[in-house]
Amino acid sequence: MKKKLQIKVGRQRISVPLNEIIFFEKEKRKIIVHSLSDNISFYGKFEDVLLFLDERFNYPHKSYIFNMDYILRLGLSEIVLEGGTKIIMGRKCFARCTKTFDGYVAKRVAKGRLL
Numbered sequence: 001m002k003k004k005l006q007i008k009v010g011r012q013r014i015s016v017p018l019n020e021i022i023f024f025e026k027e028k029r030k031i032i033v034h035s036l037s038d039n040i041s042f043y044g045k046f047e048d049v050l051l052f053l054d055e056r057f058n059y060p061h062k063s064y065i066f067n068m069d070y071i072l073r074l075g076l077s078e079i080v081l082e083g084g085t086k087i088i089m090g091r092k093c094f095a096r097c098t099k100t101f102d103g104y105v106a107k108r109v110a111k112g113r114l115l
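FYI, this note's numbering numbers position 51 of the sequence shown as 51, with every residue one higher than the one before it.
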């Protein structure tokens, strides 16, 4: 069974499969979920969203949480995700992100789930 994130938007509840979420973006009090099929915005806190996410999601920066399965390129201080989104970070955040990503890739390789 695929894990899904349940989002309340107004009076509606929307289910988004975790494997389709590319990244979350924070804009003031709103969170925007960027998925393969749609962008959904809702009011909330990243701390609450993180409770429902698994190991493939990285939170290196106060404005973004992203799915490491959708990383196309790690540059010197930026991450490029599928769809062309660039997330620019300071050195400390970027170093923390790179370390987390390297650990995630190592686990996937050990389980035989990479490439």
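Cβ coordinates follow ideal geometry from the N, Cα and C atoms, glycine included.
Residue i, buried or exposed, once every other Cβ within 10 Å from all chains shown has been counted against 16
i, result
"LEU51", "exposed"
"ILE32", "exposed"
"ILE88", "exposed"
"ASN67", "buried"
"VAL49", "buried"
"ASN58", "buried"
Residue i versus residue j: straight-line alpha-carbon distance, rounded
i, j, result
"VAL16", "GLN6", "7 angstroms"
"ARG183", "LEU81", "Residue 183 lies beyond the residue range present for the chain, which begins at 1 and ends at 115; the question has no answer from this structure."
"LYS8", "TYR70", "25 angstroms"
Three-way DSSP call (helix, strand, coil) for residue i in this model
i, result
"ASP20", "The amino acid at residue 20 is misidentified as Asp; the sequence shows Glu. GLU20: helix per DSSP, three-state reduction."
Cβ of residue i within 8 angstroms of any chain B Cβ
i, result
"LEU81", "Here chain B cannot be found, since the structure has a single protein chain."
Alpha helix (DSSP H) segment containing residue i, residue limits
i, result
"ARG11", "Taken as a continuous stretch (DSSP letters only), ARG11 belongs to no alpha helix (DSSP H), as it is neither H nor E."
Residue span of the beta strand (DSSP E) that contains residue i, given as start and end
i, result
"GLU78", "78-81"
"TYR104", "Counting along the chain, TYR104 falls outside any beta strand (DSSP E), though it belongs to the alpha helix (DSSP H) covering 91-110."
Residue i and residue j closer than 8 angstroms at C-beta
i, j, result
"GLU25", "TYR64", "yes"
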